[in-house]
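Right, one structure below, let's go through it.
There are 2 protein chains.
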Amino acid sequence: MSGRKTVTSLQVVEYLRNCIEHGDLQPEDKLPSERVISEQLQTTRVTAREALKQLEAEGAIYRSNRRGWFVTPRRINYDPSRSTFFMDYVAAQGFTPYSTELGKARIGITSRLARKMGAASDETLVKLERVRGANGRAVYLETIYLRESLLPGIYDKSLERSVSTVLTHDYEQAFSTVELDITVGALTAEQAALLDAPAGYTCICVHRITRNADGDVLEYDREYWRHDSLNLNVLIDNRKG
Amino acid sequence: MSGRKTVTSLQVVEYLRNCIEHGDLQPEDKLPSERVISEQLQTTRVTAREALKQLEAEGAIYRSNRRGWFVTPRRINYDPSRSTFFMDYVAAQGFTPYSTELGKARIGITSRLARKMGAASDETLVKLERVRGANGRAVYLETIYLRESLLPGIYDKSLERSVSTVLTHDYEQAFSTVELDITVGALTAEQAALLDAPAGYTCICVHRITRNADGDVLEYDREYWRHDSLNLNVLIDNRKG
DNA sequence: TCGCATCCCTGGTGTAGACCAGACCAAGAC
DNA sequence: GTCTTGGTCTGGTCTACACCAGGGATGCGA
Chain U
1300 MSGRKTVTSL QVVEYLRNCI EHGDLQPEDK LPSERVISEQ LQTTRVTARE
1350 ALKQLEAEGA IYRSNRRGWF VTPRRINYDP SRSTFFMDYV AAQGFTPYST
1400 ELGKARIGIT SRLARKMGAA SDETLVKLER VRGANGRAVY LETIYLRESL
1450 LPGIYDKSLE RSVSTVLTHD YEQAFSTVEL DITVGALTAE QAALLDAPAG
1500 YTCICVHRIT RNADGDVLEY DREYWRHDSL NLNVLIDNRK G
Chain V
1300 MSGRKTVTSL QVVEYLRNCI EHGDLQPEDK LPSERVISEQ LQTTRVTARE
1350 ALKQLEAEGA IYRSNRRGWF VTPRRINYDP SRSTFFMDYV AAQGFTPYST
1400 ELGKARIGIT SRLARKMGAA SDETLVKLER VRGANGRAVY LETIYLRESL
1450 LPGIYDKSLE RSVSTVLTHD YEQAFSTVEL DITVGALTAE QAALLDAPAG
1500 YTCICVHRIT RNADGDVLEY DREYWRHDSL NLNVLIDNRK G
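Line by line, the protein sequences are chains U and V. Each residue of the first sequence is one higher than the one before, starting from 1300 at the first, in the working numbering. Each residue of the second sequence is one higher than the one before, starting from 1300 at the first, in the working numbering.
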């Protein structure tokens, strides 16, 4: 036939992007189902999916397991070099933050962690895991390692709100240097489940080592952010004093 | 039949990951073609592709347009807060760096740029674009905007090697603060072509604003890195003096 | 009114096959 | 020796279809 014109995934991308940019679809709005999109745009589900995945890679839309596709809300701005708490800076940006503790444990140190943290091979660490989110949507996973030898009794403290506050107030520790290590990777199946993301979802891994005035490692922190929810801002000031 | 056992993309991922981790496939090695992989592992090309895309998302492998899939070489460590040059820090890590200028132009400022850079609406900027790579593989695109009003004659300088050096030596400017803005996104088709990546490839966007001692913006820099080639390291020192 | 079973819709993941276009190489023409 | 041509390999993209499993609303029964 002469009218043989295949609809490409790029056309679908463009169509959906327009809907979002023109405000026909607002943040958190649900997109039509894959089957409906493919019918309406006269293509197949596979092609529609290709397009949806492209927009997902851009961070424009996200999917919630078997519930559908949604328009991504605006990103959270985060400066990992400052020791402000999540709850505060997220609220300051107009979101409603939440934090869920997944587990707290006293663990033996591993050789990898000992090297990373410059700790002795027989130290015990306190490991704290949590998920944090905004407006009911999980945005990142966090694992914090603290050295009991430097912070006696830390295991029994309530770390629910902010570890930084406990360190500065209860232990009178100052943060002298912060080392950041930022990589893009993919979530494991377990991590993805906790963030309601598909396995292999693109994430931003922020590893942070905070030292006190003596140069000892106070805190080793690993964060795994949904890539579509994060905007990293770092301000470096080279001026003295 | 009873032997009806479908091979999942996860099994393919695991198989290939093992090959890479055990060293059967070395960095820069070519993987078997999609058709061969799907035959050998008794599955379809679509499933094999699903697996390859997963490994691509993790940064373990990459594809070169219609040439095949390859094992990703190790990442480049980069500290965007320091003003070391690409050529130097990449060479120091054992790579052979290269840099290609794509264009240099004197342009009128846009309102968006003026706002970003705190510049007057009638200033002219010098826009410099280049691709940079290591060991023959392009890893990032860069666009630099410089203010002619602050840096008279900058257009005629050779900026081939390092803009930082020219600013500090020829103009005696000091870098007081650096603002970093880091986001994960997707490459446009044009950007992707320059990096030999597929359209929509996940990239790390690093936007950097550097100011001089007076607080004036010296340089506005946008970098688009292949996500599989970059490891960001930032060291923040809160100690005075 | 509350709790639970059911059913429909949604995305998740396979199968099978087709055609296109760029990269690459080797054989042939000049 | 160099340029051109054509065949073959590769990924890129599409059609068409099938079945699975979780989410969520609905409705029935206690």
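Even for Gly, the Cβ is constructed at its ideal location relative to N, Cα and C.
Item	Value
How many whole angstroms separate the CB atoms of LEU1427 (chain U) and ILE1443 (chain U), which I take to be in contact at a CB cut-off of 8 Å?	4 Å
Specify the secondary structure class of SER1301 (chain U) as computed by DSSP and reduced to three states.	With a pLDDT of only 29 at SER1301 (chain U), under the threshold of 50, the placement of this residue in the model should not be trusted; the figure read from the coordinates follows. If DSSP states are grouped into helix, strand and coil, SER1301 (chain U) belongs with coil.
Give the DSSP-derived three-state secondary structure of LEU1479 (chain U) in the structure shown.	strand
If you scan the region 1384-1471 of chain U from start to end, which runs of the alpha helix (DSSP H) of 4 or more residues do you find wholly inside it?	1385-1391 and 1410-1416
Checking 9 Å against the spacing of the C-beta atoms, do VAL1425 (chain U) and LEU1440 (chain U) come in under that value?	no
When you compare only the Cα positions, how much space is there between GLY1393 (chain V) and ASP1421 (chain V)?	44 Å
Beta-carbon separation of SER1337 (chain V) and GLY1367 (chain V) under 9 Å?	no
Which first and last residues belong to the beta strand (DSSP E) in which ASN1317 (chain V) is found?	Careful: ASN1317 (chain V) lies outside any beta strand (DSSP E), inside the alpha helix (DSSP H) at 1308-1320.
Going along the chain, which residues of the region 1470-1489 of chain V sit with their C-beta nearer than 7 Å to a C-beta in chain U?	PHE1474, SER1475, THR1476, VAL1477, GLU1478, LEU1479, ASP1480, ILE1481, THR1482, VAL1483, GLY1484 and ALA1485
Give the single residue among V:GLU1355, V:ASP1515, V:ARG1381 and V:LEU1340 whose Cα lies nearest to the Cα of PRO1372 (chain V).	V:GLU1355
Counting contacts by CB-CB distance shorter than 9 Å, is ARG1548 (chain V) in contact with chain U?	The requested residue 1548 (chain V) does not occur in the structure, where chain V is confined to residues 1300 to 1540.
For PHE1385 (chain V), which residues of its own chain have a beta-carbon under 7 Å away from its beta-carbon, when the five flanking residues on both sides are left out?	PRO1396, SER1398 and ARG1431
Between SER1301 (chain U) and GLU1349 (chain V), what straight-line distance do the alpha-carbon atoms span, to the nearest angstrom?	Because the pLDDT of SER1301 (chain U) is 29, which lies under 50, any placement of that residue in the model is unreliable, and the question is left without a value.
Cα separation between VAL1483 (chain U) and TYR1377 (chain V)?	14 Å
Could you give the distance in angstroms between the alpha-carbon of SER1400 (chain U) and the alpha-carbon of ALA1359 (chain U)?	Note that residue 1400 (chain U) corresponds to Glu in the displayed sequence, not to Ser. Roughly 29 Å separates the two Cα atoms.
Can you check which of these residues, U:LEU1330, U:TYR1523 and U:VAL1516, is closest to GLU1489 (chain U) by C-alpha distance?	U:TYR1523
Would you call the CB atoms of VAL1533 (chain U) and SER1380 (chain V) closer than 9 Å?	yes
Using a C-beta to C-beta distance shorter than 7 Å, which residues of chain U count as neighbours of GLU1357 (chain V)?	GLY1484 and ALA1485
Does the Cβ-Cβ distance between ARG1507 (chain U) and ASP1480 (chain U) come in under 9 Å?	yes
Just reading off the alpha helix (DSSP H) that ARG1344 (chain V) is part of, what are its end residues?	1344-1357
Could you tell me whether the Cβ atoms of CYS1504 (chain V) and ARG1525 (chain V) are closer together than 9 Å?	no
Could you have a look at LEU1330 (chain V) and say whether DSSP puts it in helix, strand or coil?	coil
Could you work out which residues of chain V lie near GLY1417 (chain U), taking near to mean beta carbons separated by less than 8 Å?	Result: empty, since nearest Cβ-Cβ is about 15 Å, beyond 8 Å.
Starting from the beta carbon of GLN1353 (chain U), find every residue of chain V whose beta carbon is closer than 8 Å, and list them in chain order.	ALA1485 and GLY1499
Mark ILE1406 (chain U) as exposed unless 16 or more other C-beta atoms lie within 10 angstroms of its C-beta, in which case mark it buried.	exposed
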